[in-house]
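Chains as they are written, first to last, in this note's numbering: chain A, 7 to 160; chain B, 496 to 751. Just so you know, even glycine gets a beta-carbon here, dropped at the ideal spot from N, CA and C. A short write-up of the structure that comes next.
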Amino acid sequence: VQYYPESTTRTQFVESIIPQINIVNTGTEPLPLSELKLRYYFTKDSQTQALEAACSWTALPGTCANVTVTTGTLTPALTVADSYLEVGFTAGAGSLPVGGQTLDLIVRVNKANWSDFDQSNDYSFDPTSTSDTWKDWSKVTLYRNGTLIWGLQP
Amino acid sequence: MTTFFRGRWITMLRLGLSLLLLLTLAAGSSLLRAQDPASRQKIEAALLTMPTQCGKPCFWDIRPGVDTLAQFQSFAAQLYPGLGDLATLVDGVESNGVGLYVAPIKEATLDAVVPYVYVRLRPESATTAGFTMNGITPAAVITEFGNPTQAYLLANRAQINKSNRFRLFLVYRPQAALYVMTGKFEGGKACLTLANAVTVTLYRFKDGADLDEALKEFLTPAKGTLPPSIAATTDKNAADFTAIAANPAAACISLR
């Protein structure tokens, strides 16, 4: 999994967290995207607010219609993450061929009241990113049929 | 028979009480969502007009860096009658696209001083709710405050067709204010109109020194070096904004 923060959200305080994700198939067989789930971990910085998440852009077949984006809660909460953004795919998104990549999967999350997030304590956020350069990023995790196949959970 | 009718009567009473309970809960949970005209006018007057009569450090009747959360709570409760406990206050109160927030405060108590406050407007929702937003439009803020001390536009030309977003930061050091517009590009340009705005936010600080300190958090991921100014990344510079405000739909900003 490769990642960088969207260019307007490389700051400590943001109203929306917007990771850009690229999944690369380094295996030896085609990878049905519907078998994958990806998680981006962050702190909500809030006791009361619900989260709203969505897909912003993708070049995959069917575009965002075939991408599911939800949020979840980590139990117990950690200082670097109490929530996660989970990205999945429907069958219409197709498969990644060997060596293929999704490129530029852009998703976003904001709080229901649109208050700022503080990204300085977010597990998956890369504060060193300054450009649109893909970086292998182990702090975003990828699961295939529920089994971790990439990254380190917080 | 008597037992039968008594049983039915008790069942109906239970149903009635349940309905009453449900209606009460529904009314309570919608306190922050419902916006009667009087409440809307209060919010417009307090948050969506420029506070020209209220000198620094008094902004919207709140003094950032001076007033406590208790004072902020008292002010906020006038505008948002359904305001709940301290946790709700610290998280920020929002209704129909207009929100009032305080800076993050760790282990907040009512006697904690509020470092800065901000008002965030989501024009799409606020328009639907019938808010008048003339006072906090980019053009209105620029007209009131003048050209900013410094300006920054965060965006990426190569990403315009994908993320299609920009964040514009106008720094007003004399007014200890920071105005931020998150917008959508239109025809590859950043136009400072509410129609192009996802959100507009006005942050107010105690003084220029507090603003300078906060800028490092608002413009970098970890209090690092500030990004290149708008003059380096676009065809405009900080001195162009009053001209932009005069014709915001046409005097748009182009990325270099």
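The beta carbons of Val693/B and Gly678/B sit closer together than 8 Å. Take Val588/B, set aside five residues on each side of it, and the residues of its chain with a beta-carbon closer than 6 Å to its own are Ala571, Tyr575, Leu578, Leu595, in chain order. One finds Arg16, Thr17, Gln18, Pro133 in chain A with Cβ atoms closer than 9 Å to the Cβ of Thr715/B, taken in chain order.
The beta carbon of Phe661/B is closer than 7 Å to those of Leu648, Leu649, Ala650, Gly678, Phe680, Ala685 in its chain, skipping five residues each way along the sequence. For the segment 45-78 of chain A, the residues whose beta carbon sits under 7 Å from a beta carbon of chain B are, in order, Asp51, Ser52, Gln53, Thr54, Gln55, Ser62, Trp63. Taking each of Ser89/A, Val115/A, Leu148/A in turn and checking the Cα distance to Glu12/A, the smallest one comes out for Val115/A. Under DSSP, Trp140/A forms no beta bridge with any residue. Beta-bridge partners assigned by DSSP to Lys43/A: Gly94/A, Tyr149/A. In this structure, the CA atom of Gln645/B is about 49 Å from the CA atom of Pro38/A. Per the DSSP secondary-structure output, Tyr613/B pairs in a beta bridge with Tyr596/B, Tyr698/B. Pairing Leu665/B with Met628/B gives a Cβ-Cβ distance that is not under 8 Å. Per DSSP, reduced to three states, the secondary structure at Gly625/B is coil, with no helix or strand assignment.
Per the coordinates, the alpha-carbon of Leu581/B lies some 22 Å from the alpha-carbon of Lys701/B. Under the 10 Å beta carbon count, Gly152/A is surrounded by fewer than 16 other beta carbons and is classified as exposed.
Using a 10 angstroms sphere on the CB of Val614/B, the tally of other CB atoms reaches 16 or more, which defines it as buried. The residue from Gly100/A, Leu57/A, Ile112/A, Leu84/A with its alpha-carbon nearest to that of Thr14/A is Ile112/A. Residue Cys70/A holds the alpha-carbon nearest to the alpha-carbon of Thr96/A among Lys117/A, Gly33/A, Cys70/A, Val104/A. Within the same chain, Cβ atoms closer than 6 Å to the Cβ of Tyr674/B are found at Val636, Leu665, Leu697, the five residues on either side in sequence being excluded.
Residue state for Ile23/A is assigned as strand, using DSSP reduced to three classes. Taking a C-beta cut-off of 7 Å against chain A, the contacting residues of the segment 639-663 of chain B are Leu649, Ala650, Asn651, Ala653, Gln654, Lys657, Ser658, Arg660, Phe661, Arg662, listed in chain order. In the three-state reduction of the DSSP assignment, Phe567/B falls in the helix class, which pools H, G and I.
Three or more Cβ pairs closer than 8 Å define a contact, and the segment 559-571 of chain B meets that threshold against the segment 600-610 of chain B.
Residue range 581-586 is occupied by the alpha helix (DSSP H) that includes Thr583/B.
Residue Tyr611/B holds the alpha-carbon nearest to the alpha-carbon of Val561/B among Tyr611/B, Ala741/B, Tyr667/B, Ser590/B. Note that the C-beta distance between Leu158/A and Lys145/A is below 8 Å. The beta carbons of Tyr9/A and Gln26/A sit about 7 Å from each other, so the pair counts as a contact at 8 Å. Per the C-alpha coordinates, the member of Leu80/A, Arg150/A, Val104/A, Asp124/A positioned closest to Gly94/A is Arg150/A. DSSP, reduced to helix, strand and coil, places Glu602/B outside both helices and strands of the structure shown, so it counts as coil.
With a 10 Å radius around the Cβ and a threshold of 16 neighbouring Cβ atoms, Lys657/B comes out buried. With contacts defined as CB atoms closer than 8 Å, Ile24/A and Ser62/A qualify as a contacting pair. With a threshold of 8 Å between beta carbons, Ser89/A makes no contact with chain B. Residue state for Val636/B is assigned as helix, using DSSP reduced to three classes.
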